[in-house]
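The listed protein sequences correspond, in order, to chains X and A.
As numbered in our numbering, residues 13 to 500 make up the first sequence, in order.
As numbered in our numbering, residues 80 to 549 make up the second sequence, in order.
From the three backbone atoms N, C-alpha and C, an ideal C-beta is built for every residue, glycine too.
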Amino acid sequence: MRRLGMLLSGLVLGLVTSAAQGQTLFATPDTLDVARYTTVEECLAAISRVKDSVENEPEWIWRDTFPATPARLADDAHAPLPARVMAVARRCSVRFEGGSAPLENFAPLLSLFVAAGRDVEAGALLARRLKEVSPTGDRERAAVLDTAIHVYLGNNQLPAGQSWPLPLFAQPARLAAAESLVTAFVHVKSVPWDARFDSYGALAMAALSADTILASRAVREMLAVARGLSDLERRSSAFQSRAWTINLGLMVDRKAALLDSLRHSTAAYVALWREQWGEVAGKDSAVLEGFARPIGRPAPPIAADWWFGRDDSTVGRPVKGKVNLVVFLNPGDFSCFEEDFTSLCNRTYAGLRRVAQRFPTLQITLVAQTYGFFDKAAPPPPDAEAALLRQAWLTERHLPGTLAVTNTPFWRLPAPDRRRINRDVANVVHYSFGRTWHVPNWIFPPFLIDQDGTIVETAFRSFDADLPEMIGILLARQVTPPQSGRDR
Amino acid sequence: MSGLGRFLRLDDSLRFLSREECATLVERIRGFAQGGGKTEVDVTSWWSGELRWARNRVSLASDRRDIRVAVSRGLPGMTGLLSPVATNQVDDVSLAAAVRAAERWAHRMKYYRPDIVAPVPDFEYTKPAIWSDTTYGLTTEERGRMARALVDPVEAAGMLSAGYIEVRAQGTASTPQEKPLMYAQQTTAQCSMTVRDPEGRGSGWAGASSYDWTRIDPEGLARRALEKCLASRNPVTIEPGRYTVILEPQAVHELVAWVVSDLNKRQAAENQPGPLNAGYDTALRLGRSKLGLKVVDERVTISHDPMDPALGVIPFDDDGWGPYPVQAVTWIDHGVLTALSYGRAYAVRELTDNVPIAPRLAYRMSGGPTSVEEMVATTKRGLLVTRFWGVRPLEQGLFTGLTRDGLWLIENGKISKAVKNLRFTDSPWFLLNSLEQLGEAQPVFSPDAPAIVPPLKARDFSFTSLIDAI
């Protein structure tokens with residue numbers, strides 16, 4: 013018995029030792045011969061690994077010259093996948109042919125062919141798959157087309173916040189192919205309006221930085237879908253959740269007319285925008301008021317317990333007679349601290365700094381409030397937290413403007429729960445409008461306010477898109493007032 | 080290769096790293112750091128000696144050990160707690176490589192990581208009873224002799240046995256935010272065995288675990304498993320349905336452990352549907368848990384005190400924001416939910432303080448005055464359950480699993496016959512709301528975390544199908 017135990021001990025030790033010695037580090041790029049991979053899943057995994065390693069190689073550089081879209085993302089719109097990634101995809105896909113590969117692997121194979129740049133094979137595979145669908149199989153046809161659209165656009169975002177389980181590598185997006193697929197998709201009878209809307213929306217988003225004419229066309233079709241809805245459909249949550257996209261779509265579609273009207277007066281801009289929105293939202297006042305942006309409303313004064321970076325303590329914010337930008341900083345923005353330089357937050361910081369540099373007379377007010385903690389520090393006293401907010405936003409992130417911080421009154425749930433419940437502060441209450449325009453719901457909600465204290469605009473794709481043009485117009489108007497100022 | 084490499088060899092007298100060895104290792108690692116800043120190191124080293132047998136013959140005897148060194152680097156001007164780089168190689172080249180990798184990660188992080196982190200609270204961590212020289216000293220030969228002693232009576236009775244003995248020792252060290260080294264060493268021991276009729280007509284089981292091998296009575300376990308096997312032979316079939324059940328402590332533990340698991344998730348209890356979720360408060364715009372509400376029978380109290388001699392655990396925990404003490408907690412007090420665990424992140428952001436409640440699976444469930452014999456005597460028709468097996472969640476709060484190693488029908492206050500195993504589909508939360516009687520709480524087999532649990536009698540426990548397996 014004892015001898016057996018010792019023998020087994022030795023055997024186990026030997027196995028452990030040899031296994032440890034046999035370990036090798038996995039090095040990137042993929043050091044294995046991917047041409048030997050036998051399944052499409054292995055190929056997609058290998059492509060993902062190499063793509064990740066390639067994308068993570070560049071050193072991040074802290075500078076304010078970030079373009080509106082980081083270089084990597086901007087390049088994505090036009091450039092092919094990095095050569096190393098494509099090479100892996102090509103080597104790995106050699107054993108598959110679009111004309112003969114098994115159709116049960118349709119979606120991953122399509123993604124693999126697109127990653128490898130073998131678009132002809134992808135087309136052949138898609139054609140075979142569509143041929144499989146029976147003439148009465150509308151739902152199946154729609155599903156196949158929908159999958160192919162996402163693969164060709166490289167779009168892994170689904171409306172419900174889910175993402176595709178399939179890695180997508182369309183870089184650049186195959187816009188022409190995707191447009192024809194979208195056209196086929198929206199003509200399938202069983203496709204509901206929201207799916208049609210989203211398809212045009214995805215096409216528009218993919219085309220925005222690569223093919224503006226195609227993007228405009230897709231936006232127009234998207235808005236046409238919205239305009240064709242019944243009042244009942246407009247009251248649905250599906251419509252409400254797309255109000256933001258509709259707003260941006262209107263700005264893309266009617267940008268020239270809207271900016272022309274703003275050159276004339278804020279009132280003209282507001283009137284034109286309401287007319288545009290009315291075309292989409294219908295005549296239902298609940299829809300009109302509930303989901304419209306609060307443009308044309310008077311901008312409430314900002315209250316604060318602590319002001320930082322304010323030159324003149326006697327002047328209120330927004331500054332009367334000046335063009336103002338009011339930006340709310342929410343607690344959700346703390347998550348930005350842990351993101352990398354290509355994150356939405358850091359792009360937004362850079363965009364705001366660029367706006368301030370370009371328009372030195374623009375009055376920027378950053379609005380914050382205390383929460384009883386700051387990032388990972390708790391519980392700082394309110395004045396210490398306000399100082400931390402100043403340090404984080406003005407000193408470390410170099411955000412321009414005046415920082416207004418309100419001390420947030422709160423109460424606690426009784427023990428044993430004990431959670432802190434913040435009461436609403438005046439700034440948030442005053443700048444929340446309608447049912448959906450609630451300040452804490454948004455990251456960096458900005459309000460552009462004209463010289464007369466009227467909210468001109470609230471929805472921007474970023475601080476670099478549309479906003480500078482509008483600020484420029486307002487400032488020019490300040491210098492050269494329109495001839496007829498009656499409707500301002 | 081430095082001197083510490085010797086710990087990877089089996090024939091050394093030290094099988095895991097002592098406080099002094101950890102301190103030396105930490106200093107060596109800090110010596111590899113470049114560019115200033117601070118270096119945080121966590122070291123976990125362990126040894127395990129095990130013996131497994133089946134069909135009355137030893138099938139495995141081994142001694143194993145490993146080490147995990149996790150290194151985080153903070154560059155000057157940042158105190159962020161970064162994800163560590165881990166290695167189990169302690170030679171100079173490997174440690175230096177780990178430090179370099181941690182520094183590369185820190186460089187990538189440094190630009191957007193604020194220099195603001197809640198300080199690790201100053202605390203004197205307790206020193207629970209979690210170390211036993213006897214456990215650490217149980218040699219391969221002694222484990223072998225023990226197995227022989229367990230198998231012999233079974234073999235003599237013409238039965239088959241399978242079992243497992245393991246003794247384990249572990250040293251855990253942490254160096255949080257420049258504070259002095261925190262270190263704890265712990266032993267654990269377990270012994271369990273199943274006895275089966277060679278013709279597959281009956282099965283019995285018994286097991287025990289403790290930090291201290293002397294608290295385990297292997298011969299008693301063998302006797303019990305054999306008795307259970309003999310008594311469970313030739314089971315009859317009964318209809319599935321709702322039965323009054325008398326659950327032995329092990330069976331109770333296999334259900335209540337899931338309750339304790341739920342108690343360790345305050346955020347989930349507030350934000351996800353489940354037995355401890357009270358829904359979304361639209362007025363306050365936040366999810367509510369059932370804290371402060373009665374959730375089980377008022378005779379039930381579930382608590383944990385690391386200083387309880389039978390419930391000791393490593394006295395500090397770390398959720399990524401730095402270590403904090405494991406303190407005594409009463410989760411459920413006379414049926415009322417009084418605490419749910421949360422880490423420092425939750426403490427800071429939701430409670431705006433810095434004092435978390437450490438999660439843990441060790442627990443004590445309060446008992447009652449009734450013996451199992453009395454429970455049986457007061458039952459008109461019911462089932463006596465030795466333990467459950469394969470318990471898994473179906474949906475929030477609902478579980479399924481099988482009875483195993485001894486299930487008996489009780490009729491008119493007496494055990495009348497062994498019955499075939501059944502599948503149950505029920506909730507431990509329902510069980511704890513359907514109590515009739517509770518017995519004296521006692522340690523159960525729970526190698527991962529000690530537990531003290533009573534036997535109980537409950538009504539209307541739902542068995543949903545018949546299982547052929549013995």
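Residue-level contact by beta carbon fails for A133(A) and chain X, as no gap is shorter than 8 Å. W292(A) and Y403(A) have their C-alpha atoms roughly 29 Å apart. Per DSSP, D317(X) is not a residue of any beta strand (DSSP E), being assigned neither H nor E. For H383(A), the enclosing beta strand (DSSP E) begins and ends at 381-383. Spatial neighbours of R424(X) in its own chain (CB-CB distance under 8 Å, excluding positions within 5 residues in sequence) are listed in chain order as R430, R431, R432, I433. Secondary structure at S289(A): strand, using DSSP grouped into helix, strand and coil.
Taking CB atoms only, R431(X) has a neighbour in chain A less than 8 Å away. Residue-level contact by beta carbon holds for D432(A) and chain X, with a gap shorter than 8 Å. Identification of residues in the stretch 366-386 of chain A having a C-beta nearer than 9 Å to some C-beta of chain X yields R367, S368, L370, G371, given in sequence order.
The C-beta of L363(A) comes closer than 8 Å to at least one C-beta of chain X. Not a single CB atom of chain X sits nearer than 8 Å to the CB of V523(A).
Put simply, of P448(A), V434(A), V169(A), G110(A) the residue whose alpha carbon is nearest the alpha carbon of T123(A) is V169(A). Annotated three-state conformation of G363(X) is helix, per DSSP.
Sequence-distant partners of Q490(X) (beyond 5 residues in either direction) whose C-beta falls short of 7 Å from its own C-beta, in its chain, are V335, Q463. Distance from the CA of I108(A) to the CA of E53(X), rounded to the nearest whole angstrom, comes to 40 Å. Around the CB of M272(A), 16 or more other CB atoms lie within 10 Å, so the residue is classed as buried.
By the Cβ neighbour-count rule, T431(A) is buried, with 16 or more other Cβ atoms within 10 Å of its own. Burial is judged here by how many other beta carbons sit within 10 angstroms of a residue's own beta carbon; S289(A) has at least 16 and is buried. The continuous beta strand (DSSP E) containing S240(A) extends over residues 239-253. Taking R143(A) as reference, the option from A149(A), G153(A), N313(A), S127(A) with the minimal CA-CA separation is S127(A). Between the alpha carbons of A416(X) and I307(X) lies a gap of roughly 23 Å.
Per the C-alpha coordinates, the member of E318(A), C308(A), T543(A) positioned closest to A236(A) is C308(A).
DSSP lists R502(A) as the bridge partner or partners of S544(A). Annotation: the continuous alpha helix (DSSP H) that includes M234(X) extends over 224-239. By the rule that beta-carbons nearer than 8 Å mark a contact, R428(A) touches chain X. Contact between the stretch 382-400 of chain A and the stretch 349-368 of chain A is absent: fewer than 3 CB-CB pairs across the two stretches fall below 8 Å.
For E291(X), the enclosing alpha helix (DSSP H) covers residues 278-293. Taking a Cβ-Cβ threshold of 7 Å, none of the residues of chain A is close to F340(X); the smallest such distance is about 17 Å. For chain A, none of the residues of the stretch 320-333 of chain X brings a beta carbon within less than 8 Å of one of its beta carbons. Taking 8 Å as the CB threshold, A310(A) stays off the interface with chain X.
Here I209(A) carries a coil assignment [DSSP, helix/strand/coil]. A direct Cα-Cα distance of roughly 10 Å separates A133(A) from V230(A).
Of all residues in the stretch 251-280 of chain X, none is placed with a Cβ closer than 9 Å to any Cβ belonging to chain A. The beta carbon of L187(X) sits closer than 7 Å to those of A218, A219, A222, D223, L226, all from its chain and outside the five residues before and after it, given in chain order. Look at T407(X) here: in three-state DSSP terms it is helix. Pairing H413(A) with T380(A) gives a Cβ-Cβ distance under 8 Å.
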